[in-house]
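Visitor: Heads up: the sequence shown at position 93 corresponds to 93 in the working numbering, and the numbers run straight through without jumps.
Ideal Cβ positions, reconstructed from N, Cα and C, are used throughout, including at glycine.
For clarity, every value in this text was computed on a predicted model and none was experimentally measured.
Okay, here's the structure, questions in a sec.
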Amino acid sequence: MKNKKMMIGRYSFDEFIDAAKSFHGYPAPGIIVGGIMVDLAIENMPEGVLYNALCETASCLPDAIQLLTPCTIGNGWLSILNLGLFALSLYDKHEGKGVRVFLDPVKMEYYPEIKNWLFKLKLKTEQDKDLLLEQIEEAGRNICGIQTISIDNKYLGKNSKGAISVCAKCGEAYPQRDGAVCLSCQGKSWYISSENMQE
Ligand SMILES: [Zn+2]
Numbered sequence: 001m002k003n004k005k006m007m008i009g010r011y012s013f014d015e016f017i018d019a020a021k022s023f024h025g026y027p028a029p030g031i032i033v034g035g036i037m038v039d040l041a042i043e044n045m046p047e048g049v050l051y052n053a054l055c056e057t058a059s060c061l062p063d064a065i066q067l068l069t070p071c072t073i074g075n076g077w078l079s080i081l082n083l084g085l086f087a088l089s090l091y092d093k094h095e096g097k098g099v100r101v102f103l104d105p106v107k108m109e110y111y112p113e114i115k116n117w118l119f120k121l122k123l124k125t126e127q128d129k130d131l132l133l134e135q136i137e138e139a140g141r142n143i144c145g146i147q148t149i150s151i152d153n154k155y156l157g158k159n160s161k162g163a164i165s166v167c168a169k170c171g172e173a174y175p176q177r178d179g180a181v182c183l184s185c186q187g188k189s190w191y192i193s194s195e196n197m198q199e
């Protein structure tokens with residue numbers, strides 16, 4: 001039953017597990033399933049199209065996208081819209097047309113360990129990680145659904161920060177459109193204290 005020829009991008013299944021380990025810290029099931037999903041999405045994009053990625057969860061899947069596509073959080077080609085869905089889309093960055101890949105619970109009936117993972121039916125400590133990875137490899141794209149999508153125009157194009165000013169309170173550079181002082185000085189920071197370490 002084992003699909004020995006399965007590739008995830010340029011990686012074999014086992015190579016991708018290693019890549020996930022070094023990039024993500026450990027080979028989380030979500031990044032391995034995610035890799036299969038991203039690979040399917042890439043294959044359904046027309047050749048030569050410059051695409052952006054939209055990820056509908058903040059967990060694991062963004063790292064699969066960053067491992068397998070040119071889209072990263074840092075270069076702005078990957079956006080996370082946390083809808084709580086384990087799904088992603090790739091779309092033409094100018095036209096907004098593309099494909100969305102999601103996990104289909106109906107197709108998961110044949111792969112109970114994957115279902116246990118997605119629906120958190122077992123405690124993490126009770127998870128059989130080897131069996132789970134085995135079923136992920138066996139299932140491959142069988143647990144995925146795919147759709148064509150079109151992105152709303154207002155989310156396409158460059159997201160410019162506009163003019164930059166120096167914050168009157170902290171003295172750091174910030175986008176002027178945020179207000180009279182930076183967002184941090186407006187109380188949006190997570191820090192409860194901060195002190196400069198050098199003169
Ligand atoms: Zn400030």
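1) Taking Cβ positions only, does Glu95 come closer than 8 Å to chain D?
2) Measuring from the CB of Tyr91, is there a heavy atom of ligand 1 at a distance below 7 Å?
3) By Cβ distance, which residues of its chain are closer than 6 Å to Gln147, with the 5 residues on each side in sequence left out?
4) I'd like the list of long-range same chain contacts for Leu121, defined as Cβ closer than 8 Å, with 5 residues on each side in sequence excluded.
5) Taking the alpha-carbon of Val49 as reference, which of Asn82, Phe13 and Lys93 has the nearest alpha-carbon?
6) In chain order, what are the residues with a CB under 7 Å from some non-hydrogen atom of ligand 2?
7) State the CB to CB distance for the pair Gly98 and Tyr91, rounded to an integer number of angstroms; the pair is presumed to be in contact (CB under 8 Å).
Guide: Quick answer:
1) Here chain D cannot be found, since the structure has a single protein chain.
2) no
3) Arg100
4) Lys115
5) Lys93
6) The ligand content of the structure shown is limited to ligand 1, which means ligand 2 is not among them.
7) 3 Å
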